[in-house]
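Written below as structure tokens is the structure these notes are about.
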Amino acid sequence: MSGSIQDMNNRVNQNRSLQPSNRSRFKDHLRQNIYKDTLPPTTKLSFKKVSEIELNRIKGKIRLRALKDKNRNTIYLIAIVLVLLIAGLFLFKY
């Protein structure tokens, strides 16, 4: 009976040692950064400036690629359904 209680106490102590305040993170000198309340200032992203014509051309390429992907996925879905249907008919026939 006392063996299971001792195991429970050992497990509680092991779990307590794994708490974030006792566990080392990444590198020791970065430990204070993990528990900081404030975040470092972020830098703004800089994007390329493109003309309206170039922007429309890029958007057109993206839309065309999305349409091709959609059509390809539809064809794959139809092919898989047909293969499963044929396999199902073949298996249930015999």
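Here my numbering runs 618 ahead of the position in the sequence shown, where the first position is 1. We put the CB at the ideal spot given by N, CA and C, even for glycine.
Inter-residue spacing [alpha-carbon to alpha-carbon] between residue i and residue j
| i | j | result |
| --- | --- | --- |
| residue 621 | residue 702 | 56 Å |
| residue 707 | residue 700 | 10 Å |
| residue 670 | residue 676 | 10 Å |
| residue 560 | residue 624 | Outside the displayed range of the chain (619 to 712) lies residue 560, so it cannot be described from this structure. |
| residue 674 | residue 633 | 57 Å |
| residue 663 | residue 672 | 20 Å |
| residue 627 | residue 635 | 13 Å |
| residue 667 | residue 679 | 18 Å |
| residue 688 | residue 660 | 37 Å |
| residue 690 | residue 704 | 21 Å |
| residue 697 | residue 712 | 23 Å |
| residue 693 | residue 665 | 36 Å |
Range of the contiguous alpha helix (DSSP H) that encloses residue i
| i | result |
| --- | --- |
| residue 708 | 670-711 |
Any non-hydrogen atom of the ligand ADP closer than 8 Å to residue i Cβ
| i | result |
| --- | --- |
| residue 635 | You won't find the ligand ADP in this model; it holds no ligand whatsoever. |
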